[in-house]
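Participant: Protein chains in written order, with my numbering: chain A, 1 to 249; chain B, 250 to 595.
No residue lacks a Cβ here, since even glycine has one placed at the ideal position from N, Cα and C.
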Ligand SMILES: Nc1ncnc2c1ncn2[C@@H]1O[C@H](COP(=O)(O)OP(=O)(O)OP(=O)(O)O)[C@@H](O)[C@H]1O
Ligand SMILES: [Mg+2]
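1. Taking a cut of 8 angstroms between CB atoms, which residues from the segment 493-504 of chain B lie near chain A?
2. Can you give me, in chain order, the residues of the segment 95-112 of chain A that have a beta carbon less than 7 angstroms from any beta carbon in chain B?
3. Got a sec: which bits of the segment 472-484 of chain B sit with their beta carbon under 7 angstroms from any beta carbon on chain A, in order along the chain?
4. Three-state secondary structure (DSSP) at residue 131/A?
5. In this structure, how does DSSP classify residue 586/B when only helix, strand and coil are distinguished?
6. Inspect the beta-carbon positions of residue 479/B and residue 525/B and report whether they are closer than 8 angstroms.
7. Do you know offhand how far residue 508/B's Cα is from residue 583/B's?
8. For a test of the three-state rule: what should DSSP assign to residue 267/B, helix, strand or coil?
9. So is residue 83/A in contact with chain B if we call contact Cβ pairs under 8 angstroms?
10. Starting from the C-beta of residue 590/B, find all residues in its chain whose C-beta is less than 7 angstroms away, skip the five residues before and the five after it, and write them out in chain order.
11. Given the structure, does residue 24/A come close to ligand 2, in the sense that its CB is under 7 angstroms from one of the ligand's heavy atoms?
12. If residue 34/A sits next to residue 198/A, beta carbons under 8 angstroms apart, how far is it from one beta carbon to the other, in whole angstroms?
13. Whole alpha helix (DSSP H) runs in the segment 196-222 of chain A with 4 or more residues, listed along the chain?
14. So, at 7 angstroms on beta carbons, what are the nonlocal neighbours of residue 559/B in its own chain, with the 5 sequence-adjacent residues on each side left out?
15. When you check each C-beta in the segment 57-88 of chain A against every C-beta of chain B, which residues fall closer than 7 angstroms?
16. Can we say the segment 390-404 of chain B touches the segment 459-474 of chain B, given the rule of at least three CB pairs closer than 8 angstroms?
17. Could you tell me if the beta carbon of residue 202/A falls within a distance shorter than 7 angstroms of some heavy atom in ligand 2?
18. Any C-beta of chain A within less than 9 angstroms: which residues of the segment 343-360 of chain B qualify?
19. Below 7 angstroms CB to CB, which residues in the same chain sit around residue 169/A once its five sequence neighbours on both sides are set aside?
20. Given this structure, state the Cα-to-Cα distance separating residue 496/B from residue 112/A, to the nearest angstrom.
21. Report yes if the CB atom of residue 250/A is closer than 8 angstroms to the CB atom of residue 53/A, and no otherwise.
22. How do the segment 562-573 of chain B and the segment 527-541 of chain B stand: do at least 3 beta-carbon pairs fall below 8 angstroms, yes or no?
23. From which residue to which residue does the beta strand (DSSP E) around residue 7/A run?
24. To which residues of the same chain is residue 270/B closer than 6 angstroms at the C-beta, ignoring the five residues directly before and after it?
25. Please indicate yes or no: does the CB of residue 45/A lie closer than 7 angstroms to some heavy atom of ligand 1?
26. Give the C-beta separation of residue 164/A and residue 85/A to the nearest angstrom, bearing in mind that I take them to be a contact with Cβ-Cβ under 8 angstroms.
27. Among 491/B, 531/B, 563/B, 542/B, which one has its Cα closest to the Cα of residue 96/A?
28. Rounded to whole angstroms, how far is the Cβ of residue 505/B from the Cβ of residue 383/B, which I believe are closer than 8 angstroms?
29. Please determine whether the Cβ atom of residue 56/A lies at a distance below 7 angstroms from any heavy atom of ligand 2.
30. Quick one: Cα of residue 248/A to Cα of residue 176/A, how far?
31. For residue 90/A, return the contacting residues in chain D, with the cut-off set at a CB-CB distance below 9 angstroms.
32. Please decide whether residue 509/B counts as near chain A, where near means a Cβ-Cβ distance under 8 angstroms.
33. Please state whether the Cβ-Cβ distance between residue 27/A and residue 224/A is less than 8 angstroms.
34. Do the CB positions of residue 32/A and residue 146/A come within less than 8 angstroms of each other?
35. Assuming residue 251/A is part of the alpha helix (DSSP H), what are its boundary residues?
36. Between residue 165/A and chain B, is any beta-carbon pair separated by less than 8 angstroms?
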């Protein structure tokens, strides 16, 4: 039990009746492992990882994150407990435009974790220099490139010292030449043993970093396997068709 | 063949004559317009410089500025107005140091209590009753106090209107909608005539503060709608990002929503402030001797009888000057605070 970071059991959700965004999903991610989630648009990838930190309520089943169990009754107290220990990075960065980079990162440590401002700022500067963007600390988000903004978003998530990081297509909104600067940061995090669930279509990244690849379609888990197996010899016809398509791009 | 040549020659002649006429016509038209404008300006200038008697203004400048504030104490409102001016210029120049920019809003807020202290006295200064406040200093005080009080009330009302608690939501909506359905002058009458009736015996709220209360109640309803517009313009993903970081509802509202809503609503808020500045002149009808009130009282003075045009031209210029200045200041702050324009962010 202790080695499990995320586990879902018979997790189901539908937005419109009869149409499942998540259909009976049971998966497990161990501590220190990286799970890459793939699947065509609308298959429910975002919905799935957003249930992990309570951004998306669900109808049936249960989700256990870091030992905290939530079910279809939306228990705010438990969800807030989870959020304090789980970071998330979004496709559109979602930085706070009215705060400087440094303030973006220190807001939650100061307000939520009640850390001393000086200490929070030192930690933030340390994270920013790890991301290679320490010189931008007093700028505002709109003054940064997409890749830089996404690295700030990662630093913001890391500032809370999370035990689990969720990424929802973190490189999809970036220019192709900017993708790697973000993926490099994620590679390093994985190497440091961070537990991560990553929705992405970056095959090279998945091959290199993932411990497991999960393929979804129409709200269902089609297959889960190691990246080696998945990319060379996918079991299901649906997965192979998907892989063919993204290889063409 | 020659026929053709003659025809084309005639055509050329015709064109030339037509051009000549149209040129002549436009020349005459131009002359007419220019002389009309010139004459108008000449008469206006003649009236301003020769016919008009500006004594009504020139001999009463202190009255326009301070009302019947005791003359040996006039340095107090002067000091206040001058410090406001300096702060405005300082804001316009835009200090380069970050901490200076940080304290700017607080400096602006603190001008209001300082102004009240300087006008009313006490604590070492000679007390001056509010009935002796007047002129421009009273106009500025009414505007500043009312706006400063309506801002937090407007924010609360805007949040209330979006509240999940139905009682709060409906009460806020009821308040906002009914305030916006009543003319300002009615609210001001209510403040001056009816509030004293509702107060228990022995409790008296001074006229100036009754006016400030009435303006606050009125303007906050409009401000709340501006801020609600700002709140609605904030994408939901901002709230999600904040929730993900573990911030609670109050922290999200305070650190993420209100600052962004205020920035978005800034042009509309500046409008409200300028409108409020002008609307304080309504208090002249209700017995306060603010800027317009001074003008009215002077016109009632036999010495200056019939000098309407001079007084009103003067008042219009003063209001124009201040409102324009406020608009420039607001635009400047707006540009500094712009959140989606990379090059303008401080
Ligand atoms: N707010 C919503 N209301 C109704 N239906 C929704 C809503 N959000 C998602 N859905 C539906 O749920 C399904 C899964 O959506 P989801 O966003 O999880 O897909 P995804 O795999 O992340 O797709 P993408 O790759 O485009 O991001 C889709 O069919 C989508 O239309
Ligand atoms: Mg998605």
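Facilitator: With the structure as the only source:
1. 493, 494, 495, 496, 497, 500, 504
2. 96, 97, 98, 107, 108, 111, 112
3. none
4. Within the first chain, the letter at position 131 stands for residue 131/A. Reduced to three states, the DSSP call for residue 131/A is coil.
5. Here residue 586/B refers to the residue found at position 337 when the second chain is read from its first residue. Three-state DSSP puts residue 586/B in a helix.
6. In the second chain, the residue the question calls residue 479/B occupies position 230. In the second chain, the residue the question calls residue 525/B occupies position 276. Cβ atoms of residue 479/B and residue 525/B: not closer than 8 angstroms.
7. In the second chain, counting from the first residue as 1, residue 508/B sits at position 259. In the second chain, counting from the first residue as 1, residue 583/B sits at position 334. Their backbone Cα atoms lie some 13 angstroms apart in a straight line.
8. Sequence index remark: in the second chain, residue 267/B carries index 18 (1-based). Helix, per DSSP.
9. Numbered from its first residue, the first chain carries residue 83/A at position 83. Cβ-Cβ to chain B under 8 angstroms: yes for residue 83/A.
10. Stepping through the second chain from its first residue, residue 590/B is reached at position 341. Legend: pLDDT at residue 590/B = 46, less than 50; position of this residue unreliable, no value from coordinates given.
11. Along the first chain, read from residue 1 onward, the residue named residue 24/A stands at position 24. Checking every heavy atom of ligand 2 against the Cβ of residue 24/A, none is found closer than 7 angstroms.
12. Taking the first residue of the first chain as position 1, residue 34/A is located at position 34. Taking the first residue of the first chain as position 1, residue 198/A is located at position 198. Going by Cβ atoms, the distance from residue 34/A to residue 198/A rounds to 7 angstroms, so yes, they are a contact pair.
13. 203-209
14. In the second chain, residue 559/B corresponds to position 310, counting from 1. Within the same chain, residue 559/B has close Cβ partners 301, 302, 303, 305, 306.
15. 80, 83, 84, 88
16. yes
17. Position 202 of the first chain, counted from the first residue, corresponds to residue 202/A. Because no heavy atom of ligand 2 lies under 7 angstroms away, the Cβ of residue 202/A does not count as near it: no.
18. 347
19. Looking up residue 169/A in the first chain gives position 169. Taken in chain order, the residues that qualify are 91, 199, 200.
20. Translated into positions along the second chain, residue 496/B becomes position 247. Translated into positions along the first chain, residue 112/A becomes position 112. The alpha-carbon atoms of residue 496/B and residue 112/A are separated by roughly 6 angstroms.
21. Outside the modelled stretch of chain A, which goes from 1 to 249, sits residue 250/A, for which no answer is possible.
22. yes
23. Counting from one through the first chain, the residue named residue 7/A turns up at place 7. 4-13 is the span of the beta strand (DSSP E), which, as asked, contains residue 7/A.
24. Residue mapping note: residue 270/B aligns to position 21 of the second chain, counting from 1. Hits under 6 angstroms: none found.
25. Reading the first chain from its first residue, position 45 is the one you call residue 45/A. It does: the Cβ of residue 45/A is within 7 angstroms (strictly closer) of some heavy atom of ligand 1.
26. Residue 164/A sits at position 164 when you count from the first residue of the first chain. Residue 85/A sits at position 85 when you count from the first residue of the first chain. Going by Cβ atoms, the distance from residue 164/A to residue 85/A rounds to 7 angstroms, so yes, they are a contact pair.
27. Along the first chain, one-based indexing puts residue 96/A at 96. Of the candidates 491/B, 531/B, 563/B, 542/B, the one whose C-alpha sits nearest the C-alpha of residue 96/A is 491/B.
28. Taking the second chain and counting its residues from 1, the one referred to as residue 505/B is at position 256. Taking the second chain and counting its residues from 1, the one referred to as residue 383/B is at position 134. That pair is no contact at about 44 angstroms.
29. One-based indexing of the first chain puts residue 56/A at position 56. Answer for residue 56/A: no, Cβ out of range of ligand 2.
30. For the purposes of this step, residue 248/A is taken as the residue at position 248 of the first chain. For the purposes of this step, residue 176/A is taken as the residue at position 176 of the first chain. Going by the C-alpha atoms only, they are around 16 angstroms apart.
31. Reference to chain D is not applicable here, since the protein chains of this structure are A and B.
32. Here the question's residue 509/B lines up with position 260 in the second chain. Closer than 8 angstroms: yes.
33. Position 27 of the first chain holds residue 27/A. Position 224 of the first chain holds residue 224/A. Yes, they are a contact pair.
34. For this step, residue 32/A is matched to residue 32 along the first chain. For this step, residue 146/A is matched to residue 146 along the first chain. For residue 32/A and residue 146/A, no; Cβs fall outside 8 angstroms.
35. Chain A is shown only over 1 to 249; residue 251/A falls outside these bounds and no answer can be derived.
36. Working through the first chain from its first residue, we reach residue 165/A at position 165. It does not; no Cβ of chain B falls within 8 angstroms.
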